[in-house]
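Numbers given in this note's numbering equal positions in the sequence shown, counted from 1, plus 32.
Shown next, in structure tokens, is the structure this report addresses.
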Amino acid sequence: MDTSGLHVAAALANWNGARYLERCLTALRQQTHRLEKIVVVDNGSTDGSDLWLESQPDVTLIRHAHNTGYCHGYNRAIEATDTPFVLTLNTDAFLEEHFVRACLETVVGAPRCAAATGLFWEEATNQHIGGGFWLRRLMRMRPTPADEDAREVFGVTGAAALFRREALDTVRIDGQIFDESYFSYGEDIDLAWRLQSLGWHSMYVPTAKAHHVGSGSLDGALRFFDKPVFFQRQALRNRYLTLMKNASLLDSLQLVPAMFMGELLLWPLLFLRQPWRFPSLLKTPAELLVRLPRVWRWRREIQRRRSPEAGSVHRWLKGW
């Protein structure tokens, strides 16, 4: 398929990613499908990465005085582009040269394909994983197997994914693609679910290959218990937000009992593993309560737009 006439822009959000930026942008510049524009939102970096970005003539830099979060940063970066296809990319992800072309051919080849991603080599764990994901019953991502078969997936990780702008525009609420109340963590699942509810689908494309550090801005803290407590609290809170906004009645009947049983095990474990953090983690319910009016408003809008063709998430549930 000839995709040479199709325009793609890259949208990145940077927070203290100086050690990765040169490698990341070099890989972007070497893509066999040329990018029309590279937009980087710098979220108040303190490691000098904003100054380095300013020196790059092919980068459109948007500066924030402080860290406004992953979701806000990516929304601003996407807004600064106008191409029909947008690549979202973490600064600690490094694309092999055919990544954009392989994803673009897949998205263009199916009118209702909203997004595509590829095969990642996770440098922190030295293993291959699929950039697509299924949904665990406890509202976490389960990466697809790293095999050679292209397949439809529940969603794609924002670490490196190509999106159809038309699809992203259909899921906007309050002008937002990624829900900015999340700050970070869980936004991939939320966006995937909203796309699914409108009848869009996403694809895993193994010929699109990339290397990924994972949690690069947090020094590679991949495991939940290794992350700072602020990010742990977000990860816990955003699972509930995603469920409350997106689950249909049928979805709720399948997921709420599993979530309830999981929480009975999770919270005692949190106390036993890191008791000094427990008082901070207990702020999670209060953070949920203050967001309920907004969550309810978003839920009404999501369910109102829901496509008659959108089925239950049951087909995408894989494990706990």
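Beta carbons: idealized from backbone N, C-alpha and C, even for Gly.
Local Cβ density within 10 Å of residue i, reported as buried at 16 or more and exposed below that
i, result
"arginine 269", "buried"
"histidine 65", "buried"
"methionine 293", "exposed"
"glutamate 212", "buried"
"histidine 98", "exposed"
"aspartate 283", "buried"
"threonine 316", "buried"
Between the CA atoms of residue j and residue i - distance to the nearest angstrom
i, j, result
"serine 249", "leucine 296", "Bear in mind that a pLDDT of 45 at serine 249, under 50, signals an unreliable position, so the number given afterwards is only what the model happens to contain. Each residue's Cα considered, the two are about 31 Å apart."
"arginine 226", "asparagine 278", "7 Å"
"proline 340", "glycine 231", "8 Å"
"tryptophan 84", "alanine 50", "8 Å"
"phenylalanine 153", "alanine 178", "Note that residue 153 is tryptophan in the sequence shown here, rather than phenylalanine. So the two alpha carbons sit approximately 9 Å from each other."
Residue i, DSSP secondary structure in three states
i, result
"phenylalanine 20", "With the chain represented from 33 up to 352, any question about residue 20 goes unanswered, as that position is not in the structure."
"threonine 100", "coil"
"glutamate 155", "coil"
"serine 234", "strand"
"leucine 121", "strand"
"glycine 163", "coil"
"aspartate 93", "The residue asked about is misnamed: residue 93 is leucine in this sequence, not aspartate. Note: leucine 93 maps to strand in three-state DSSP."
"glycine 141", "coil"
"proline 340", "coil"
"alanine 178", "coil"
Residue closest to residue i, alpha-carbon to alpha-carbon, out of the options
i, options, result
"glycine 218", "Arg305, Leu167, His243 and Ser77", "Leu167"
"leucine 170", "Gly190, Asp211 and Ile221", "Ile221"
"alanine 192", "Gly150, Leu301, Thr176 and Glu198", "Gly150"
"histidine 104", "Ser87, Arg133, Asp74 and Gln88", "Asp74"
"serine 280", "Arg338, Glu155 and Glu319", "Arg338"
"phenylalanine 210", "Arg183, Trp330 and Lys69", "Trp330"
"proline 116", "Phe131, Leu136 and Thr100", "Leu136"
"serine 36", "Asp82, Asp114 and His130", "His130"
"phenylalanine 215", "Leu200, Arg265 and Thr189", "Arg265"
"methionine 276", "Leu200, Met291 and Phe263", "Met291"
"leucine 44", "Leu298, Ile70, Tyr52 and Ala240", "Ile70"
"valine 72", "Met33, Ala112, Val345 and Leu314", "Ala112"
Below-8 Å beta-carbon distance, residue i vs any chain C residue
i, result
"glutamate 180", "Going by chain labels, chain C is absent from the structure shown, which holds only one protein chain."
Which full runs of the alpha helix (DSSP H) of 4+ residues lie inside the region 39-64, going along the chain?
DSSP runs (the alpha helix (DSSP H)) wholly in the region 39-64: 50-61.
For the region 244-302, list the alpha helix (DSSP H) runs that are entirely contained and at least 4 residues long, ordered along the chain.
Unbroken alpha helix (DSSP H) runs of no fewer than 4 residues, entirely contained in the region 244-302, are found at 261-278, following chain order.
Could you give the uninterrupted runs of the alpha helix (DSSP H) lying entirely in the region 187-230, keeping only those of 4 residues or more?
197-202 and 219-229
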